Structure formats: C-alpha cells, structure tokens
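Student: Protein chains in written order, with the numbering used here: chain A, 1 to 297; chain B, 298 to 543.
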Amino acid sequence: MSLEMFFQHFFNALTLGSLYALIAIGYTMVYGVLRLINFAHGDILMVGAYFVFFGTFAFGWPWGVSAIAAVCGASLLGVLVERVAYRPLREAPRISALISAIAVSFFIESLAVVVFTGQPRPVLQPDWLISEWQWGRVHILKLTAFVPVMTAVLVAALLYILYRTKPGLAMRAISKDIETTRLMGVRVDNIIAFTFAVGSALAAASGIMWALRYPQVHPYMGIMPGLKAFVAAVVGGIGSVQGAVIGGVILGFVEIMSIAFFPELSGYRDAFAFIILVLVLVFKPTGLLGENLKEKI
Amino acid sequence: MSTPDIMLEIKDLYVNYGGICAVQGVNLSIQRGSIVTLVGANGAGKSSIIRSIAGLNRQVTGDILFSRKQGDKPESILGLKPENMVRRGISLSPEGRRILPHLTVRENLLLGAYSRNDRAGIQRDMERVYELFPRLEERSWQKGGTLSGGEQQMLAVGRALMGQPDLIMLDEPSLGLAPLLVKEIFAIIERIHQTGVTVLLVEQNAYAALNVADYAYILEVGRIALEGTGKELLANPQVRAAYLGG
Numbered sequence: 001m002s003l004e005m006f007f008q009h010f011f012n013a014l015t016l017g018s019l020y021a022l023i024a025i026g027y028t029m030v031y032g033v034l035r036l037i038n039f040a041h042g043d044i045l046m047v048g049a050y051f052v053f054f055g056t057f058a059f060g061w062p063w064g065v066s067a068i069a070a071v072c073g074a075s076l077l078g079v080l081v082e083r084v085a086y087r088p089l090r091e092a093p094r095i096s097a098l099i100s101a102i103a104v105s106f107f108i109e110s111l112a113v114v115v116f117t118g119q120p121r122p123v124l125q126p127d128w129l130i131s132e133w134q135w136g137r138v139h140i141l142k143l144t145a146f147v148p149v150m151t152a153v154l155v156a157a158l159l160y161i162l163y164r165t166k167p168g169l170a171m172r173a174i175s176k177d178i179e180t181t182r183l184m185g186v187r188v189d190n191i192i193a194f195t196f197a198v199g200s201a202l203a204a205a206s207g208i209m210w211a212l213r214y215p216q217v218h219p220y221m222g223i224m225p226g227l228k229a230f231v232a233a234v235v236g237g238i239g240s241v242q243g244a245v246i247g248g249v250i251l252g253f254v255e256i257m258s259i260a261f262f263p264e265l266s267g268y269r270d271a272f273a274f275i276i277l278v279l280v281l282v283f284k285p286t287g288l289l290g291e292n293l294k295e296k297i
Numbered sequence: 298m299s300t301p302d303i304m305l306e307i308k309d310l311y312v313n314y315g316g317i318c319a320v321q322g323v324n325l326s327i328q329r330g331s332i333v334t335l336v337g338a339n340g341a342g343k344s345s346i347i348r349s350i351a352g353l354n355r356q357v358t359g360d361i362l363f364s365r366k367q368g369d370k371p372e373s374i375l376g377l378k379p380e381n382m383v384r385r386g387i388s389l390s391p392e393g394r395r396i397l398p399h400l401t402v403r404e405n406l407l408l409g410a411y412s413r414n415d416r417a418g419i420q421r422d423m424e425r426v427y428e429l430f431p432r433l434e435e436r437s438w439q440k441g442g443t444l445s446g447g448e449q450q451m452l453a454v455g456r457a458l459m460g461q462p463d464l465i466m467l468d469e470p471s472l473g474l475a476p477l478l479v480k481e482i483f484a485i486i487e488r489i490h491q492t493g494v495t496v497l498l499v500e501q502n503a504y505a506a507l508n509v510a511d512y513a514y515i516l517e518v519g520r521i522a523l524e525g526t527g528k529e530l531l532a533n534p535q536v537r538a539a540y541l542g543g
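Structure below.
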C-alpha cells in the first residue's frame, strides 16, 4: 500500500472511530449510573440526524443552527425516554428495564417509519465541509478532519463536566454507590436525567456527522452504529468514559484497516466489530479499562 | 437545665424488612446538644432506627419529629427522601464507612457538602475537617480506596460534617478499628460535640459509647430494654453482665 493510501485510510479510520466513540460514551455513562444498556441509544442518534434534515429542508435553517437545535432536541428526547421508560422501573428487576429499553428502541424506529416514512432522505452538506485539502496525492475531505476535531472538543467538554463540576462529581459517585450519594444530598433522579441528556446530545452529534458522510438519513440508520458503539464501550470497559473513547477508535481502525489491507474481506466489514467483541469477552471480559463487575447485565 | 429541649423524637417506630420486624415499637428522644447512644447486639435494630431517621427505610410506621434549631417547631421527617435530610441538618456517617473508593479524599469531602452552595463556608469547613483529621489533609489527593480502615472512618465522619449538620448520626464508627484508633475516634466525637453538634451514636462497643454518652438506650431484638444516662447504665449490673463483660 502506498503511503498516500495509508494516510487516506488512517484519516477515515480516525473519523469512523470518533463517531463510534461519541456514541459509546452514552452507553457507558448510562451504564455507569443505572447499570442499564440503553438499547434506544442508537435510535436517538437517528432522530438527531432527522432533526437536522427537517431543520435544513423544512425550516430552511443554516446547517449549523439545525445541528445545534437537533442536538438539543435529541437531548430532550433522551431525558423523555428515561422519564417514561426507565424511571418507573427503578425498583424493578434489572431485566425489566433492559426489556423496556429494547421496546423503546423498536418504538422509536417504528414511529420514525410512520412519521418520516421509510424512504431514505438526502442530507444537506455544507460546502465548507465537503471541500478538500490536498497534500501531494493525499486528498482529505474537510469533513474527515472536522469529525475527529469536533469529537475531541466534545470529549474535552465532557471530561470537564465529569471532573470539574458538581453534577460530574455526583455522576461519578452514583456509579459506585447510589445510596451513599443520596445521603450526601444528591438528587439522584436529576443526575440520571442529566446523564441521559449529555449522552443523547453526544449520540445526536455523532448521528449528524454520520449523516454528513453518507449523506442520507433513514429510520434504521442508528442500529448498526449503535450496536458497534456498544461493542466499543464493552471493548473499552463499560462504565469508563476514557475506555469508550479508546474502544471506539480501536473499532474504527480495525474496521477500516482490515478492509484496506484485505480488500477481499470487505463483505465481512460489519463482522469485525463482533469478532472483537467475542475476543474481548473471552479474554478480558471487563474490557481494557473496566473494573471487575460483580454482576452481569 | 429547665424544660427539656428535644431535637429529635421517635414515636412508636416499627420497621419491616419483608415480613421481618426489625424494630418493634421504639420510643426515644434526643435532647439538643447531647450525645445519645444506641447500644445493642447485632440485629437488635440499632442501624434500622438510624437508617429510618436518614430516610433510607421504606417500610416504617410511627413518627419521627425533628426540630433543627432551638425554638423550631418539631416537624415530622418520616417519609422524606434521604437527599433532603442533609438539607434539614441531619448527616449520617453510614455503617461500613461507605467511602467512594474511586474519588479522592477531597472529592469525598466535597460530596459531603453537595447540598451547599456557600463556597467560602465549604472551604472553611474543609479546613476544620483537616484540622480535626490532619491525616486526611496529607492524603487529600489520594483515592478514598487507598486509605486504611481508620483513615476511611475519619473520612466518613469528616464527610458527614461537611453537610453542616446540627445532628450527626454515626453508625458503628469504631467497627474494625484497633483499640488506639477507637480511642482517637471517641475523642473526636467529643470534640465534634463540643462545637455544638448533637450526636446520635450507634455502637457495639458499649463501654466506650456509654462513657461518652449523656443518655443511652439499650436495644434487644427490636425493643428498648433499658435506658438511662451513660453513667447509670455503666453501673447497672444487668448491663455489666450482658454488654461489658461482667
């Protein structure tokens, strides 16, 4: 493989990995506070992407404005899902909440088919994102650089919230011991809602950038990224934000590079994530940065 | 002392755990500014009472009345959520310390002050805690999980103090500590008490608890078997036989 080609693949892998990482963070954060795999997370991503579609085409807003509105809208949707589908089941066995999560996922997808129709819709790509930089024979789409940079900014903002603010302190405390955290005066329900808001905002950001790359939206677009990001969260060690980022990037690189080096395997593209999942579960079930889990999901 | 100034009053408390009655009709009261202790064997219902006050038990009947400051009208706090207790002036240092192992000492203390927004006051109280427990200041950037048992206990007490309580409840603060550390913890309890905080102490170490207590209740299988001042109970032959090794 030529060096130019390698760079091309490298940036593609970094972009894809960033998108997985942003989604994986939501899984890992929700798991941290509720010990729940939020299967509706991928669908939040889809709704976020649709919001941009409507913002730009139905309301005629600029892409940036639509994107910000979409992130906020998806964030609210995440809070709503938690309020309606998970909070009433707080005292119920964990499996009930898990089933509820699967139900929410199907519900959002089906509702999207009814409301948005199943037909894929085009996505507006702002010019400044689809123009190219060129170094010699390497062509880099600005979008390919924009995604990792945006991801880095969002992850930095998230780490600031987690490690420098009161709600962040409460989130980290809840993940270890809810009862003691409540004793300290933390209104746990509010912190859980906030966690969903942040996680959903990141998923929507990822979904919006995902839609820019393809460039279309459809009601089932969240399923595969959602599943792979879940794998990324497990690979990194579920419950760890840093692990989710690392897991996402690893997954992005494995997926792109394995096809780059072995083009004949491109039909198995989606299989790599799950092969990694099996390997991690066999050899290091807690993931790269995960701690020992006493219970399974 | 003229009329008794009651800070906390428990009336006819019953606590149920899935059909098992852990507390069966307990009445007790805590005078403002005193150290009151609940003494008893494992399973006597001590922790159940303290957890009910903190709002951690659901299946509770009876009533718990609390008046934060002198002259406040006693209000029922039964059924309030635990996160509201610290805002009302009641802090609990729970059994087993329950330090958050992955947070630093400093973060554990800040969590104790979560309900407050007065930055200067929080800073002042943190310095007070560090003055009370110099070991914690030395380790303020260390993770809670790396502390020794005694240090974790100090952190648990310090964290409860960060909520600016008028009533501090300590559940088994001496459990699992070496005798020298037990002495240190009890000395600290007296110092906290001297700053004007009312103390409710749950202990299996009856001798040490009765020694510092103004008033004590002895619990046996969910009921109060005996009550009296610390001195009275220390001298009581029944107590001596059952709890103080003769």
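Don't be surprised by glycine CBs; every beta carbon is placed ideally from N, CA and C.
These figures come from a predicted structure and were not determined experimentally.
1) Do Phe53 (chain A) and Val123 (chain A) have their C-beta atoms within less than 9 Å of each other?
2) Measure from the C-beta of Leu289 (chain A) to each C-beta in chain B and report whether the shortest distance is under 9 Å.
3) How about Gly287 (chain A) and Gly236 (chain A): do their beta carbons lie closer than 9 Å?
4) Is Leu474 (chain B) helix, strand or coil by DSSP?
5) So, is the C-beta of Asn324 (chain B) closer than 9 Å to a C-beta in chain A?
6) Is the shortest distance between the beta-carbon of Arg384 (chain B) and the beta-carbons of chain A less than 9 Å?
7) Looking at the unbroken beta strand (DSSP E) that takes in Val357 (chain B), where does it start and where does it end?
8) Tell me whether the segment 476-491 of chain B and the segment 312-320 of chain B touch, counting them as touching only if at least three CB pairs, one residue from each stretch, are closer than 8 Å.
9) From the DSSP output, in three-state form, read off Tyr218 (chain A) for me.
10) Do Val499 (chain B) and Leu467 (chain B) have their C-beta atoms closer together than 9 Å?
11) Determine the direct distance from the alpha carbon of Ser206 (chain A) to that of Glu255 (chain A), and round the result to whole angstroms.
12) Report yes or no: is there a C-beta of chain A within less than 9 Å of the C-beta of Asn313 (chain B)?
13) Kindly list the residues whose CB is nearer than 7 Å to the CB of Glu295 (chain A), restricted to its own chain and excluding five residues on each side of it in sequence; keep chain order.
14) Under 9 Å between beta-carbons, which chain A residues line up against Ser373 (chain B)? List them in chain order, please.
15) Helix, strand or coil: which one does DSSP assign to Asp309 (chain B)?
16) State yes or no: is the beta carbon of Ala417 (chain B) nearer than 9 Å to at least one beta carbon in chain A?
17) Alpha carbons only, please: which of A:Ala70, A:Ala232 and A:Pro215 is nearest the one belonging to Leu289 (chain A)?
18) With a Cβ-Cβ cutoff of 9 Å, do Ser2 (chain A) and Ala201 (chain A) count as a contact?
19) Spell out whether any CB of chain B is found under 9 Å from the CB atom of Met171 (chain A).
20) By the criterion of Cβ-Cβ separation under 7 Å, what are the contact partners of Arg187 (chain A) in chain B?
21) For Ala24 (chain A), tell me which candidate among A:Arg187, A:Leu281, A:Asp270 and A:Val198 has the shortest Cα-Cα distance.
22) Please tell me whether Arg421 (chain B) has its Cβ less than 9 Å away from any Cβ of chain A.
23) If I'm right that Gly42 (chain A) touches Ile223 (chain A) with Cβ under 8 Å, what's the distance once you round it to whole angstroms?
24) Give the straight-line distance between the Cα atoms of Met298 (chain B) and Glu179 (chain A), rounded to the nearest whole angstrom.
25) Is Trp438 (chain B) closer than 9 Å to Arg403 (chain B) when the C-beta atoms are compared?
26) Closer than 8 Å by beta-carbon distance: list the chain B residues that pair up with Thr180 (chain A), in chain order.
27) Taking the alpha carbon of Ser100 (chain A) as the point to measure from, which residue in A:Trp133, A:Pro225, A:Ser258 and A:Glu82 has its own alpha carbon closest?
28) Who are the near neighbours of His218 (chain A) in its chain, counting only those whose CB is closer than 6 Å to its CB and skipping five residues on each side?
29) What is the rounded straight-line gap between the Cα of Gly352 (chain B) and the Cα of Leu169 (chain A)?
30) Would you tell me roughly how many angstroms separate the C-alpha atoms of Leu22 (chain A) and Leu497 (chain B), rounded to the nearest one?
31) Let me check understanding here. Comparing Cα to Cα, which of B:Ile327, B:Gln321, B:Thr334 and B:Ala453 lies closest to Ala505 (chain B)?
32) Roughly how many angstroms lie between the CA atoms of Phe262 (chain A) and Arg269 (chain A), to the nearest whole one?
33) Which value, in whole angstroms, describes the spacing of the CA atoms of Ala417 (chain B) and Glu291 (chain A)?
34) Under 9 Å, do Val186 (chain A) and Glu380 (chain B) count as touching if we go by C-beta distance?
35) Roughly how many angstroms lie between the CA atoms of Leu531 (chain B) and Ala522 (chain B), to the nearest whole one?
36) For Leu353 (chain B), return the contacting residues in chain A, with the cut-off set at a CB-CB distance below 9 Å.
Tutor: By the coordinates alone:
1) yes
2) no
3) yes
4) coil
5) no
6) yes
7) Val357 to Phe363
8) no
9) At residue 218 (chain A) the sequence reads His, which differs from the Tyr that was named. His218 (chain A) falls in the coil class under three-state DSSP.
10) yes
11) 17 Å
12) no
13) Note that Glu295 (chain A) has pLDDT 46, beneath the 50 cutoff, so the model's placement of it is unreliable and the number below is only indicative. Excluding residues within five positions, none has a Cβ falling inside 7 Å.
14) What Ser373 (chain B) touches in chain A: nothing, since even the nearest Cβ is about 20 Å away.
15) strand
16) no
17) A:Ala232
18) no
19) no
20) Glu380
21) A:Val198
22) no
23) 6 Å
24) Here Met298 (chain B) scores only 48 on pLDDT, less than 50, and its place in the model is too uncertain to base an answer on.
25) yes
26) Pro391, Arg395 and Leu397
27) A:Glu82
28) Pro120
29) 22 Å
30) 48 Å
31) B:Thr334
32) 11 Å
33) 36 Å
34) yes
35) 15 Å
36) Glu179, Arg182 and Leu183
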